[in-house]
Amino acid sequence: MNNSYLLISSVGIEFETDNEPFRALQDINLPIQKGEFISLIGHSGCGKSTVLNIVAGLYQATEGGIILEGKEVNEPGPDRAVVFQNHALLPWLTVYQNVELAVKRVFKKTKTKTEMHDWVLHNLSLVHMDHALHKLPGEISGGMKQRVGIARCLAMQPKVLLMDEPFGALDALTRAHLQDSLMEIQGRLGNTVVMITHDVDEAVLLSDRIVMMTNGPAATIGEILDVKLPRPRDRLALAEDPDFIHYRQQVLKFLYEKQKNPASPLSINSSSKNGETEHSSVSADAA
Ligand SMILES: Nc1ncnc2c1ncn2[C@@H]1O[C@H](COP(=O)(O)OP(=O)(O)O)[C@@H](O)[C@H]1O
Ligand SMILES: [Mg+2]
Numbered sequence: 012m013n014n015s016y017l018l019i020s021s022v023g024i025e026f027e028t029d030n031e032p033f034r035a036l037q038d039i040n041l042p043i044q045k046g047e048f049i050s051l052i053g054h055s056g057c058g059k060s061t062v063l064n065i066v067a068g069l070y071q072a073t074e075g076g077i078i079l080e081g082k083e084v085n086e087p088g089p090d091r092a093v094v095f096q097n098h099a100l101l102p103w104l105t106v107y108q109n110v111e112l113a114v115k116r117v118f119k120k121t122k123t124k125t126e127m128h129d130w131v132l133h134n135l136s137l138v139h140m141d142h143a144l145h146k147l148p149g150e151i152s153g154g155m156k157q158r159v160g161i162a163r164c165l166a167m168q169p170k171v172l173l174m175d176e177p178f179g180a181l182d183a184l185t186r187a188h189l190q191d192s193l194m195e196i197q198g199r200l201g202n203t204v205v206m207i208t209h210d211v212d213e214a215v216l217l218s219d220r221i222v223m224m225t226n227g228p229a230a231t232i233g234e235i236l237d238v239k240l241p242r243p244r245d246r247l248a249l250a251e252d253p254d255f256i257h258y259r260q261q262v263l264k265f266l267y268e269k270q271k272n273p274a275s276p277l278s279i280n281s282s283s284k285n286g287e288t289e290h291s292s293v294s295a296d297a298a
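So for the sequence shown, the numbering used here puts the first residue at 12; every next one is plus one.
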């Protein structure tokens with residue numbers, strides 16, 4: 012337990028409200044190994060983002076804490092880079108400059124100008140965005156922006172890559188491409204990743220372990236599923252793989268039988284945002 016790379020240790024949090032404090036999380040314990048790919052899944056509002064924000068140092072836990080390589084971390088740092096659903100690129104900077112900004116922040120003292128330049132290009136080529144270096148965020152698609160956001164985080168060489176529904180706002184095809192890119196990059200670099208998703212197929216496809224959260228208030232870890240599918244993983248082959256189907260059933264069972272939440276049906280069907288219909292997480296990828 013103590014020799015884990017990243018440890019979420021007895022974490023609980025209460026938020027102040029106008030009335031009594033609201034207990035969002037209780038007793039979250041999760042040791043994570045270096046190079047592991049972890050997904051957090053659970054119904055909307057259960058506390059997934061809160062867990063991620065505590066690991067990122069953006070929220071302070073009321074109880075317990077986060078240990079990274081043996082040291083407690085309780086404020087944001089470049090060792091924990093966060094990819095949000097809406098990329099958060101600076102709109103007045105080009106693709107290149109957005110990544111360069113992060114690289115300068117982290118490597119100003121350790122890399123030369125040329126090295127930093129090469130490093131920016133290298134990371135943009137990892138996500139296949141080296142053809143659009145001088146475009147502004149407003150000139151590229153949502154999927155491309157998300158690629159740049161991922162490149163920016165990778166370029167910081169974080170110890171842990173934190174992703175909060177990184178592909179949630181993308182269409183099914185773009186989402187599939189980015190999942191494949193992420194798997195390929197993670198396979199090559201061995202990043203330690205904690206990703207939130209509400210997409211069951213995405214969780215099974217990408218993860219070493221799927222951490223399933225109970226409904227709030229006072230949400231905690233309900234079950235953890237070890238996904239022992241060999242890598243590299245191929246989505247087409249897996250669609251009919253009995254193990255894949257079994258894992259997927261396990262997660263669905265947890266979400267729709269054990270943690271049934273009539274108030275917030277998870278996206279078995281689609282939810283819509285800004286008039287755009289999100290793809291059905293369960294059926295689209297299986298098709
Ligand atoms: N800053 C905050 N202040 C008060 N309540 C919060 C705050 N952040 C999250 N919550 C509450 O905590 C619960 C979990 O939220 P969140 O982590 O965003 O859920 P999820 O990401 O699983 O959808 C929700 O009830 C939410 O309203
Ligand atoms: Mg969330």
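Where a beta carbon is used, it is the ideal one built from N, C-alpha and C, also for glycine. Keep in mind that this is a model prediction, so the values were computed, not measured.
Near ligand 2: residue i beta-carbon under 7 Å from a heavy atom
{"i": "Ile52", "result": "no"}
{"i": "Asp210", "result": "no"}
{"i": "Ile24", "result": "no"}
Contact check, residue i vs residue j, beta carbons under 8 Å
{"i": "Leu79", "j": "Val171", "result": "yes"}
{"i": "Ile235", "j": "Ile39", "result": "no"}
{"i": "Phe255", "j": "Leu240", "result": "yes"}
{"i": "Leu189", "j": "Gly154", "result": "yes"}
{"i": "Tyr107", "j": "Leu144", "result": "yes"}
{"i": "Met206", "j": "Pro89", "result": "no"}
{"i": "Asn134", "j": "Val117", "result": "no"}
{"i": "Thr185", "j": "Leu147", "result": "no"}
{"i": "Ser50", "j": "Ala214", "result": "yes"}
{"i": "Arg242", "j": "Glu47", "result": "no"}
{"i": "Asp212", "j": "Arg244", "result": "no"}
{"i": "Arg34", "j": "Ala250", "result": "no"}
{"i": "Val159", "j": "Met223", "result": "no"}
Backbone CA spacing between residue i and residue j [nearest angstrom]
{"i": "Gly23", "j": "Val84", "result": "15 Å"}
{"i": "Val114", "j": "Thr28", "result": "38 Å"}
{"i": "Val93", "j": "Val66", "result": "10 Å"}
{"i": "Leu173", "j": "Asn30", "result": "32 Å"}
{"i": "Lys119", "j": "Arg199", "result": "25 Å"}
{"i": "Ser15", "j": "Gly201", "result": "16 Å"}
{"i": "Phe26", "j": "Asn64", "result": "13 Å"}
{"i": "Met56", "j": "Gln37", "result": "The sequence given here has Gly at residue 56, not Met. Cα-Cα distance, rounded: 14 Å."}
{"i": "Ser21", "j": "Gly76", "result": "7 Å"}
{"i": "Gly81", "j": "Leu41", "result": "14 Å"}
{"i": "Leu18", "j": "Ile43", "result": "6 Å"}
{"i": "Ile279", "j": "Val204", "result": "For Ile279, the predicted model reports a pLDDT of 43, less than 50, meaning its position is unreliable; a value from the coordinates is still stated below. Using only the alpha carbons, I get a separation of about 25 Å."}
{"i": "Glu150", "j": "His128", "result": "22 Å"}
{"i": "Thr121", "j": "Gln197", "result": "24 Å"}
{"i": "Glu86", "j": "Leu69", "result": "6 Å"}
{"i": "Asp252", "j": "Leu216", "result": "11 Å"}
Heavy atom of ligand 1 within 7 Å of residue i beta-carbon
{"i": "Phe33", "result": "yes"}
{"i": "Thr225", "result": "no"}
{"i": "Gly56", "result": "yes"}
{"i": "Thr28", "result": "yes"}
Residue nearest to residue i in terms of C-alpha spacing, selected from the options
{"i": "Asp182", "options": "Asp210, Val159, Gly201", "result": "Asp210"}
{"i": "Ile52", "options": "Ser192, Asn64, Thr105, Asp175", "result": "Asp175"}
{"i": "Cys164", "options": "Glu213, Arg91, Leu263", "result": "Arg91"}
{"i": "Lys264", "options": "Arg242, Arg244, Thr225", "result": "Thr225"}
{"i": "Gln96", "options": "Glu268, Val159, Gly179", "result": "Gly179"}
{"i": "Glu246", "options": "Val62, Ser218, Glu74", "result": "Reading off the sequence shown, one finds Arg at residue 246, where the question assumed Glu. If we check each option's Cα against that of Arg246, Ser218 comes out closest."}
{"i": "His257", "options": "Asp237, Trp103, Leu112, Lys269", "result": "Asp237"}
{"i": "Asn272", "options": "Gly227, Gln261, His142, Lys122", "result": "Gly227"}
{"i": "Thr208", "options": "Val62, Lys45, Pro32", "result": "Val62"}
{"i": "Thr73", "options": "Thr123, Pro32, Leu112", "result": "Pro32"}
{"i": "Gln45", "options": "Lys269, Val131, His54, Pro169", "result": "Note that residue 45 is Lys in the sequence shown, not Gln. Of the candidates Lys269, Val131, His54, Pro169, the one whose C-alpha sits nearest the C-alpha of Lys45 is Pro169."}
Kindly provide the chain-ordered list of residues whose Cβ lies closer than 7 Å to any non-hydrogen atom of ligand 2. Every residue passing the under-7 Å Cβ criterion appears here: Lys59, Ser60, Asp175, Glu176, Ile207.
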